[in-house]
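Have a look at the structure below, then the notes.
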Amino acid sequence: MDYFIPIILFIGGLIGGLYAANIGGMGLLSLPLLLLVDMPTLQALATHKFAAVILELASTIKFYKEKKLHWRLGIFLGLIAAIGAVIGTNIVININQNFLNIIVGVLLVVAAVVILKEEDIGIKEKHIESVNWKNHIPMAVTIFALGIYGGFLGIGFGTFIMLALVFLGFTFIKGAAVARLVGLFMATTSTIIFAANGLINYQYGISLGLGFAIGGWFGISIAIKRGNQYVKKLLIIIVVLTVIKLITDFF
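Residues 31 to 281 in this note's numbering are what the sequence shown lists, from first letter to last.
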């Protein structure tokens, strides 16, 4: 069975990358998969961050090739998110494991409810005019707070970043492009801290990350125009199974 786990994670990464490269939310798929193979919660979070680095790097390169990436703003916000990630990652490393399981379970349930309730999430693109530079301060504060959250747990971090950028004036695609660069800074920062504490399963992380990268590369090209309802249903099933597993483990 152990030999099949990397294959399962790679396939899961392919599926996750197809939508995550555009709308974020890779943790909704990768974290449940890692937990379902009996990986401890903290190690699953660390391995997920490592895999996220691979996805964010590949997606950033793809968006750059498509001339959709705002480099200067992305680097600026990425550095701010990285500072927040240091705080968040140190919080998660020192938190009680059972308490962490509860938090992860609650966030997964909330995320599943939102996905079921909001039919347009991940289905319809939102096109908003280019960024208003007067929004730099609120944008920086928002990204810093999300950086802390991203380093702490990070479920839906990329989605939150993209939505924040959209609300602050970006189009959907350009917001997604900047979100990937910001995510690269945040995920790299968290990964360094997790690696220093010996929490990453590199075999699983590489398998998942390669799947993410390939899926994300194609996902950006097709812009999530097909199959999103199927992906959402798949995510709900995995989330429900994971929450059940976390509850049984807790008791």
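Virtual Cβ for every residue (Gly too), placed ideally from N, Cα, C.
Just so it is clear, the structure is predicted and the values come from calculations on it, not from any experiment.
Check	Outcome
Please identify the residue among 239, 230, 270 whose C-alpha is closest to the C-alpha of residue 48.	239
Whether or not the stretch 227-234 and the stretch 58-74 are in contact is what I'm after, with contact meaning three or more pairs of Cβ atoms, one per stretch, closer than 8 Å; do they touch?	yes
Let me confirm a value: residue 95 is counted as buried when at least 16 other C-beta atoms fall within 10 Å, else exposed. Which label applies?	exposed
Between the C-alpha atoms of residue 213 and residue 241, what's the straight-line distance to the nearest angstrom?	17 Å
Are the CB atoms of residue 206 and residue 216 within a distance shorter than 8 Å?	no
With distances taken from CA atoms, which of 274, 81, 224, 251 is nearest residue 72?	224
Closer than 8 Å is the cut-off here; do at least three beta carbon pairs connect the stretch 102-122 with the stretch 169-180?	yes
Helix, strand or coil, according to DSSP, for residue 67 in the structure here?	coil
Buried or exposed: residue 226, going by 16 or more other Cβ atoms within 10 Å of its Cβ?	exposed
Quick one: using the 10 Å Cβ neighbour count with 16 as the cut-off for buried, is residue 97 buried or exposed?	exposed
Taking 7 Å as the limit between beta carbons, can you name the residues of its chain near residue 44, skipping five residues before and five after?	241, 244, 245
Throw me the rounded Cβ distance for the residue 30 and residue 181 pair, which I believe falls under 8 Å.	Residue numbering for the chain in the displayed model covers 31 to 281; residue 30 lies beyond these limits and cannot be assessed.
When the distance is taken between beta carbons, is residue 235 closer than 8 Å to residue 179?	no
In chain order, what residues of the same chain lie with their CB nearer than 7 Å to the CB of residue 84, ignoring the 5 residues before and after it?	239, 240, 242, 243
Below 8 Å between beta carbons: does that hold for residue 105 and residue 211?	yes
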